[in-house]
């Protein structure tokens, strides 16, 4: 065999990241036939300040697993240490007979054991949504520092971690840490002046933070602060998960339908984020909202600006996706509105008839679950590094078309229009047609990697469960051996270390970042098997103001025969991307980087910094 067609070698031509093996540690509990399907637990569907008449308390079905006190399961470990008070608030024992008979602890602001139950239940239901949407288990990707090792399959959750602080996902310790604080002297809502607000009791904050951890497990480079789009996507995506999760609580949805007289765009119960958190600080509005309210002379939706602060970028994403959801929802319920309005299509003022409330609530809940699945599934179709909101639109369109080619209600058209109205355009597309926005099939001289066909892969019974760390490393070696061949590098956004386009920059070996199998089931029952992988390459840019690292690479999606279905590339040689990252580091993103000697390094927890108030 000629040298140019030989497989590359691990250690010489490419490396394999530790995250590849960690994927085998992320397997949740596999239920036996004797086990119950679910564990019923109560939660606050919004927060403690919401009225029970608004459906503020919900009973959720958490996938069953045996639990030690904590709760301590396979994926989550609740450890209620309170450093501010110098105490530990005990361990919720959800296996205790009396607790089991009551379906868990009753909702309470004063019982720490319920607080522990709340974070476990919300995190578990969000994880299950990711598992079902992606067709596989999701593993954590944090690497603990020396001396802090523990079972990395578990995410540690601390409900009362500190006083006078918000909540955040700490990827350096593998923890979700929730704070508590006192309300201002004149709060809005049902929180008393000086009352204690627990962020662990806010459904939205808990769902938001565990989404950060799950997204970090799927795309670790999305925490790399190279621009507002990357961090803004993390924030907006976490808000989307929390908002669409609202619609799974049917009582709350029905109340929202009734109070809004069927116009859900004005139903702040559903579209607002972190009501109590914001009200306890004196605001009359939720912290963020999925529906833009036109004010101060604005006659259109908020526009995207890549130079905006990350939360503002994320808010535009949330509002774009929710606007698409609203468009499809109105299409689906139009026939019911016509019947209820005598053909006019306009409901008279006043309360919506009871039967119509039920229909609208059911349609809203089902559609929200579909949109949540679309949003999560699209992560597999995103580039591995430096993603823009426009590229997320392409991922949404491609992922949905792959599983649901027919689109009679125009889901994808609604998404395209909503992103366009906010000025979100994908780079390098000739039109905004669905066909133009879908990622293209790669043009490679070699069409497949036989060693990565599903006939060669080994599973732990389920194609969504990898057999072992060794099997994952075998798969990674097969992929790395192909993509790191000299003649294949550019097809995957990679380069040789002596490429003249690098100038004085230093190029490191390509790295297989992840490789994961999935089994997805479409609405018509069709089953799609894929192998989804990330390959990245680090480039050290020798900038006179401080050298810094930039990344390129590709997301690779292989079919069941090992054939290349998609290769989604971000070239490590892109001068434009390097320039944008340099501008961000020395401009609006300066607080996310620190100078050590002659090198600029990203801070260890950009997401944590995002959740702290900015210095004036």
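Numbering (the working numbering), first residue to last: 398 to 1013.
Backbone N, C-alpha and C define an ideal beta-carbon position, used for all residues, glycine too.
Note that the structure is a prediction, hence the values are computed from the model and not measured.
Contact between the segment 557-568 and the segment 932-948 is defined here as three or more beta-carbon pairs at a separation below 8 Å; is this criterion met? no
Residues that residue 479 bridges to, as DSSP identifies them: 484
Enclosing alpha helix (DSSP H) for residue 596 [first to last residue]: Taken as a continuous stretch (DSSP letters only), residue 596 belongs to no alpha helix (DSSP H), as it is neither H nor E.
As a quick exercise: from 626, 758, 837, 476, pick the residue whose alpha carbon is nearest that of residue 651. 758
What are the start and end residues of the alpha helix (DSSP H) that includes residue 527? 509-531
Hey, would you say residue 749 sits closer than 7 Å to residue 679, going by beta carbons? no
By a C-beta neighbour count over all protein chains shown, 10 Å radius and 16 as the cutoff for buried, is residue 526 buried or exposed? buried
Residue 940 versus residue 890: straight-line alpha-carbon distance, rounded: 22 Å
How would you label residue 419, buried or exposed, when you count the other beta carbons within 10 angstroms and need 16 or more for buried? buried
According to DSSP, what are the bridge partners of residue 915? 927
Which of helix, strand or coil does DSSP assign to residue 779? coil
With DSSP collapsed to three states, give me the class of residue 758. helix
Measure the C-alpha to C-alpha separation of residue 438 and residue 608 and round it to an integer number of angstroms. 20 Å
Using a Cβ distance threshold of 8 Å, determine whether the segment 696-712 contacts the segment 594-613, with at least three qualifying pairs required. no
Just curious, the alpha helix (DSSP H) that residue 950 is in, first and last residue? Premise fails: residue 950 lies in the beta strand (DSSP E), 945-955, not in any alpha helix (DSSP H).
Can you tell me which of the three DSSP states residue 470 falls into? coil
What span of residues does the beta strand (DSSP E) with residue 859 cover, start to end? 859-863
Using 8 Å as the cut-off, can you tell me whether the segment 837-857 makes contact with the segment 502-520, which would need three or more C-beta pairs spanning the two stretches below that distance? no
In the DSSP output, what is residue 413 paired with across the bridge? 909
Entirely within the segment 603-670 and at least 4 residues each: give me those alpha helix (DSSP H) ranges in chain order. 625-643, 647-656, 665-668
Tell me whether residue 994 sits in a helix, a strand or coil according to DSSP, three-state version. coil
How should residue 403 be labelled, buried or exposed, when 16 other C-beta atoms within 10 angstroms of its C-beta is the threshold for buried? exposed
With DSSP as the reference, label residue 934 as helix, strand or coil. strand
Compare the C-alpha of residue 966 against each of 930, 595, 488 and name the closest. 930
Alpha-carbon to alpha-carbon, residue 577 and residue 447: 18 Å
Spell out a yes or no on whether the segment 887-903 and the segment 967-976 are touching, meaning 3 or more CB-CB pairs, one atom from each, closer than 8 Å. yes
What is the DSSP secondary structure of residue 967, reduced to helix, strand or coil? strand
Quick check: what's the CA-CA separation for residue 926 versus residue 958? 10 Å
Boundaries (first-last residue) of the alpha helix (DSSP H) holding residue 1009: It is not in any alpha helix (DSSP H) - residue 1009 carries neither H nor E in the DSSP assignment.
Once you ignore the five residues that flank residue 823 on each side, which residues in its own chain have a CB closer than 7 Å to its CB? 787, 788, 790, 791, 834
Rounded separation between residue 681 and residue 586 - CA only: 8 Å
So the candidates are 864, 951, 818; which of them puts its Cα closest to the Cα of residue 422? 864
If we ignore side chains and look at the alpha-carbon of each, how far apart do residue 825 and residue 794 end up? 16 Å
Cutoff 7 Å; reference residue 691; Cβ partners in own chain excluding five residues on either side: Confidence at residue 691 is low in this model, with a pLDDT of 43, below 50, so its placement is unreliable and the value that follows should be read with caution. So the list is empty, once near-sequence residues are dropped.
From residue 693 to residue 453, what distance separates their C-alpha atoms? Because residue 693 sits at a pLDDT of 44, beneath the cut-off of 50, its placement in the model cannot be relied upon, and the following sentence gives the value as read from the coordinates. The alpha-carbon atoms of residue 693 and residue 453 are separated by roughly 33 Å.
Distance, residue 923 Cα to residue 348 Cα: Examination of residue 348 is not possible in this model, given that the chain is present from 398 through 1013 alone.
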